[in-house]
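The structure appears right after this line, and notes come after that.
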Ligand code: 3HC
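In UniProt numbering, the protein residues as written are 1 to 343.
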């Protein structure tokens, strides 16, 4: 394990590189060695530290896709705010959808620390040059879908994202701590909602089962393609951006969900799902990867609707951004915030 001195070297080199001194070939090799040593020692890489261009690009790609998923994910759930069956459910759902917007903000801010601004990332989302999670290209057809999203989609997100709290890049890792805490509440509210439906009338139980039937397989796809088709996993794991492979996390999620489904008295729609004594894990049936890649290409049931709605929201929000900028400019010019009273 590297010592604190190794990290000091990495930081010193990093800050030297920011003094405008052109790094030569030897310098770059030294920076790389120091960066590798810091990552090997489980030390955090911070925005002003030297980092390989490919590391920076990978982080921007992943964080942007993650941020986009948070804000696009607001749509399928917001679809049910006006039709929530009680004031309590409505208040909970509104808070959850607002949380997702907040997660998007933390993540766009984390990407900004890598030198890529929010405007640029949003433009890439709106023009189809960056992805968002496949899961949000599916429709929310009934109220039970709100429960299934909470239980399964937020559950899958937590399984994937808790290890990201130990990501090698500091700002992303720290953003994930708060996001995961909030996602845990989201998962529990989904579970509780489904439990209420499952214990309700036969029609309510059937509605809950139907939602689980539709959301189960897309939730497993959230973890990304199988390891042997995952283009980025090996490098991202070597850099300790990702801590586990897509298949490892998917398996962990299946093992968590099976007993929870039993408690909910709901069935997971997979005839091949069974405990494997030898592996100490559940076996599960084949995932339809053709459907996954098709959704990524933009052919999912709601891809077009999601992007159209996102562009509209962005355009309609232009006046808010302008007003906020004008207010901030006025505020800083007049010295407000430094104890000067506003007229
Ligand atoms: N949806 C859309 N695209 C996906 C995907 C999915 N479920 N899974 C993988 N992909 C894309 C990758 O982005 C990559 O595309 P690119 O090369 O064009 O960028 C390609 O498929 C190959 O996949 P890899 O496995 O090689 O990609 P990664 O190593 O980046 O792993 C990942 C994919 C596991 C999704 C990883 O990026 C990750 O852990 N991201 C952070 C978590 C995240 O993005 N979560 C979004 C979930 S939704 C959410 O959190 C909202 C909450 O409210 C529920």
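The beta carbon of each residue, even a glycine, is placed where N, CA and C say it ideally should be.
Exercise for review: Using alpha carbons as the reference points, say which of 144, 320 and 254 lies closest to residue 203.
Suggested key: As a first step, residue 203 must be located in the chain shown, where it is residue number 203. The residue with the shortest Cα to Cα distance from residue 203 is 144.
Practice item. Consult DSSP for residue 169 and reduce its assignment to one of helix, strand or coil. Key: The count along the chain shown starts at 1 and reaches residue 169 at position 169. Here residue 169 sits in strand by DSSP.
Review point. DSSP beta-bridge partners for residue 129?
Key: Here residue 129 refers to the residue found at position 129 when the chain shown is read from its first residue. Within the DSSP secondary-structure output, residue 129 pairs in no beta bridge.
Check your understanding: What do you get for residue 303, buried or exposed, if any count of 16 or more other CB atoms within 10 angstroms of its CB means buried?
Key -> As a position in the chain shown, residue 303 is number 303, starting the count at 1. It is buried - the Cβ of residue 303 has at least 16 other Cβ atoms within 10 Å.
**Study point:** Candidates 75, 136, 107 and 62, of which the one nearest residue 300 by Cα
**Key:** Within the chain shown, residue 300 is the residue found at index 300, counting from 1. Per the Cα distances, 136.
Review point. Do you know offhand how far residue 156's Cα is from residue 253's?
Key: Counting from 1 along the chain shown, the entry for residue 156 is found at position 156. Counting from 1 along the chain shown, the entry for residue 253 is found at position 253. Cα to Cα, the separation comes out at about 6 Å.
Review point. Is residue 327 buried or exposed, if buried means 16 or more other CB atoms sit within 10 Å of its CB?
Key: As a first step, residue 327 must be located in the chain shown, where it is residue number 327. So residue 327 counts as exposed.
Point to revise | residue 103 beta carbon near the ligand 3HC (any heavy atom closer than 8 Å) | key: Position 103 of the chain shown holds residue 103. Distances from the CB of residue 103 to the heavy atoms of the ligand 3HC include at least one below 8 Å.
Exercise for review: Answer yes or no: the CB of residue 368 versus the heavy atoms of the ligand 3HC, is any distance below 8 Å?
Suggested key: What is shown of the chain runs 1 to 343, which leaves residue 368 out entirely.
Check your understanding: Who are the near neighbours of residue 310 in its chain, counting only those whose CB is closer than 8 Å to its CB and skipping five residues on each side?
Key -> Within the chain shown, residue 310 is the residue found at index 310, counting from 1. Excluding the 5 residues flanking it on each side, residue 310 has same chain C-beta neighbours closer than 8 Å at 71, 72, 75, 125 and 126, in chain order.
Practice item. Give me whichever residues DSSP pairs with residue 45 in a beta bridge. Key: The sequence position of residue 45 within the chain shown is 45, counting from 1. DSSP, once it has assigned bridges, lists 169 as partnering residue 45.
Practice item. Please state if the CB of residue 217 and the CB of residue 287 are separated by a distance shorter than 9 Å. Key: On the chain shown, residue 287 is found 287 positions in, with the first residue counted as 1. On the chain shown, residue 217 is found 217 positions in, with the first residue counted as 1. Yes, the Cβ-Cβ distance between residue 287 and residue 217 is below 9 Å.
Check your understanding: Nearest CA to the CA of residue 233: which residue from 50, 58, 48 and 177?
Key -> Working through the chain shown from its first residue, we reach residue 233 at position 233. Residue 58 is the option with its Cα nearest to residue 233.
**Study point:** Check: residue 225 C-beta below 8 Å from any heavy atom of the ligand 3HC
**Key:** Sequence index remark: in the chain shown, residue 225 carries index 225 (1-based). The answer is yes for residue 225.
Check your understanding: Comparing alpha-carbon positions, which option in 198, 228 and 238 lies nearest residue 246?
Key -> By 1-based counting over the chain shown, the position of residue 246 is 246. Here the closest residue by C-alpha is 228.
Check your understanding: Can residue 152 and residue 219 be called in contact, C-beta distance under 9 Å?
Key -> Looking up residue 152 in the chain shown gives position 152. Looking up residue 219 in the chain shown gives position 219. The Cβ atoms of residue 152 and residue 219 lie closer than 9 Å to each other.
Check your understanding: Any idea if residue 332 is buried or exposed, counting beta-carbon neighbours within 10 angstroms, 16 or more meaning buried?
Key -> As a working mapping, residue 332 is identified with position 332 in the chain shown. Exposed, because fewer than 16 other Cβ atoms sit within 10 Å of the Cβ of residue 332.
Check your understanding: Could you give the distance in angstroms between the alpha-carbon of residue 51 and the alpha-carbon of residue 32?
Key -> The count along the chain shown starts at 1 and reaches residue 51 at position 51. The count along the chain shown starts at 1 and reaches residue 32 at position 32. Near 7 Å, if we compare the C-alpha coordinates of residue 32 and residue 51.
Review point. If we count the other Cβ atoms within 10 Å of its Cβ and call it buried at 16 or more, is residue 162 buried or exposed?
Key: What you label residue 162 is simply residue 162 of the chain shown in a count that begins at 1. So residue 162 ends up on the buried side.
Practice item. Rank 55, 134, 44 and 166 by C-alpha distance to the C-alpha of residue 115 and give the top, closest one. Key: Here residue 115 is taken as the residue at index 115 of the chain shown, counted from 1. Residue 115 has its Cα closest to that of 55, out of 55, 134, 44 and 166.
**Study point:** Residue from 298, 27, 248 and 146 with nearest C-alpha to residue 214
**Key:** As a position in the chain shown, residue 214 is number 214, starting the count at 1. Residue 146 is the option with its Cα nearest to residue 214.
Review point. How do the segment 169 to 181 and the segment 77 to 84 stand: do at least 3 beta-carbon pairs fall below 8 Å, yes or no?
Key: No: the two stretches stay apart, fewer than three of their Cβ pairs being nearer than 8 Å.
Check your understanding: Going by the C-beta, is residue 154 closer than 8 Å to any heavy atom of the ligand 3HC?
Key -> Translated into the one-based positions of the chain shown, residue 154 becomes position 154. Yes, the Cβ of residue 154 comes within 8 Å of a heavy atom of the ligand 3HC.
Review point. When the Cβ atoms of the segment 271 to 278 are set against those of the segment 96 to 116, are three or more pairs found closer than 8 Å?
Key: no
Exercise for review: In angstroms with no decimal places, state the Cα-to-Cα distance between residue 21 and residue 98.
Suggested key: Taking the chain shown and counting its residues from 1, one reaches residue 21 at position 21. Taking the chain shown and counting its residues from 1, one reaches residue 98 at position 98. The pLDDT assigned to residue 21 is 49, lower than 50, so where the model puts this residue is not dependable; a value taken from the coordinates is nonetheless given after this. Distance between the alpha carbons of residue 21 and residue 98 is about 45 Å.
Check your understanding: So what's residue 199 in DSSP terms, helix, strand or just coil?
Key -> Along the chain shown, read from residue 1 onward, the residue named residue 199 stands at position 199. It is coil, neither helix nor strand.
Review point. Say the cut is 8 Å; is the CB of residue 296 nearer than that to a heavy atom of the ligand 3HC?
Key: In the chain shown, residue 296 corresponds to position 296, counting from 1. Residue 296: yes, Cβ under 8 Å from the ligand 3HC.
Point to revise | Own chain partners of residue 209 with C-beta closer than 7 Å, once the 5 adjacent residues on each side are dropped | key: Here residue 209 refers to the residue found at position 209 of the chain shown. So the list reads 266 and 267, once near-sequence residues are dropped.
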